[in-house]
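Numbering (the numbering used here), first residue to last: 6 to 297.
We put the beta carbon where it would ideally sit given N, CA and C, even for glycine.
So, in structure tokens, the structure goes:
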């Protein structure tokens, strides 16, 4: 058997190479561990509370614009509010077009046709609510006493039919059936999101309106001041009567000489099938410590 002699210098060089390789491997593992730790820390530190900049700006402006019962925002303030609302998107209040509710063939929508609502914010001077209407759902004719209301259709297609009370002078020109009030048609057409914000005032702009969902819809309402039964701002519902059903004359909803269409309104109790369901608001929250 032959034994080869080992060169001590060569052995030292080999040991150094192995040592260097080990050091390189250790450094790579150490860097990898650091990168993993950074990723975990970012995920842990994600903010739990979401704040929508657009929604926050809307709330801040509402606090400036709405002065309480008996007041109406100035034309310039109305323009400022409409400007923000016109550019609002579903994501600003935590909604997505991909939600099952807004799918045309959604089983959930077909099974439940009740209108639901979520309150985003409410105070003495104003409130923000989102209304969810399944396809074919209706919010019947109702009024907004002493209120200015901004309605922004966020998703879907909706038919809006709105009226204002006719002037006293107009009412005197017609025989008013008992307990009925004369109203003049303001709007009767379909709106499809995205579209401009509609505004109604205490005595004009279509203060009495009806919503009919053509497709599943979400509409954001800003009401100033909000409904309050204690303050005399309770919601009243109406049934529209055709003149022809009350006498032998032709239907009263025909176009009159002044170019407007009219109808007789009768106060009714809220239809049982139209009762709404309140649900929690789960979208971006309001941070009252921030002001934009």
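{"Check": "Thinking C-beta only, is residue 225 closer than 8 Å to residue 98?", "Outcome": "yes"}
{"Check": "Which one or two residues does DSSP pair with residue 212 in a beta bridge?", "Outcome": "Answer is none; residue 212 lacks a bridge partner."}
{"Check": "Check whether the Cβ of residue 92 lies closer than 7 Å to any heavy atom of the ligand SAH, and answer yes or no.", "Outcome": "In the structure shown, the ligand SAH is absent, as is every other ligand, since no ligand is present at all."}
{"Check": "Give the C-beta separation of residue 207 and residue 159 to the nearest angstrom, bearing in mind that I take them to be a contact with Cβ-Cβ under 8 Å.", "Outcome": "Wrong, their Cβ atoms sit about 25 Å apart, outside the cutoff."}
{"Check": "Nearest-angstrom Cα distance between residue 190 and residue 270?", "Outcome": "11 Å"}
{"Check": "Hey, how far is the Cα of residue 82 from the Cα of residue 219?", "Outcome": "32 Å"}
{"Check": "May I ask you to list the residues that DSSP assigns as paired with residue 241?", "Outcome": "According to DSSP, which records beta bridges pairwise, residue 241 is partnered with nothing at all."}
{"Check": "Assuming residue 188 contacts residue 213 (C-beta within less than 8 Å), just tell me the rounded distance between them.", "Outcome": "6 Å"}
{"Check": "Hey, residue 291 and residue 126: beta-carbon distance below 8 Å or not?", "Outcome": "yes"}
{"Check": "Let's test the definition: count the other Cβ atoms within 10 Å of the Cβ of residue 273 and tell me whether it reaches 16, buried, or not, exposed.", "Outcome": "exposed"}
{"Check": "Please report how far the alpha carbon of residue 71 lies from the alpha carbon of residue 140, in whole angstroms.", "Outcome": "33 Å"}
{"Check": "In whole angstroms, what separates the C-alpha of residue 134 from that of residue 222?", "Outcome": "14 Å"}
{"Check": "Determine whether the beta carbon atoms of residue 237 and residue 130 lie at a separation below 8 Å.", "Outcome": "no"}
{"Check": "For residue 83, name the three-state secondary structure that DSSP assigns.", "Outcome": "helix"}
{"Check": "Check residue 200 in the structure and name its three-state DSSP category.", "Outcome": "coil"}
{"Check": "Counting only the same chain and skipping the five closest in sequence on each side, list residues whose C-beta sits under 8 Å from that of residue 178.", "Outcome": "Residue placement at residue 178 is poorly supported in this model, since its pLDDT is 44, which falls under 50; the coordinates still yield a value, given next. Contacts found: none."}
{"Check": "On the criterion of 16 or more Cβ atoms from any shown chain inside 10 Å, does residue 152 qualify as buried, or is it exposed?", "Outcome": "buried"}
{"Check": "Cα-Cα, which of 168, 267, 128 and 154 is closest to residue 145?", "Outcome": "168"}
{"Check": "In or out: residue 161 buried (at least 16 other Cβ within 10 Å) or exposed?", "Outcome": "buried"}
{"Check": "Evaluate residue 157 with the Cβ neighbour count: other Cβ atoms within 10 Å of its Cβ, from every protein chain shown; 16 or more gives buried, anything less gives exposed.", "Outcome": "buried"}
{"Check": "Quick check on DSSP: helix, strand or coil for residue 67?", "Outcome": "helix"}
{"Check": "Roughly how many angstroms lie between the CA atoms of residue 289 and residue 265, to the nearest whole one?", "Outcome": "43 Å"}
{"Check": "Note the first and the last residue of the continuous beta strand (DSSP E) segment covering residue 271.", "Outcome": "267-273"}
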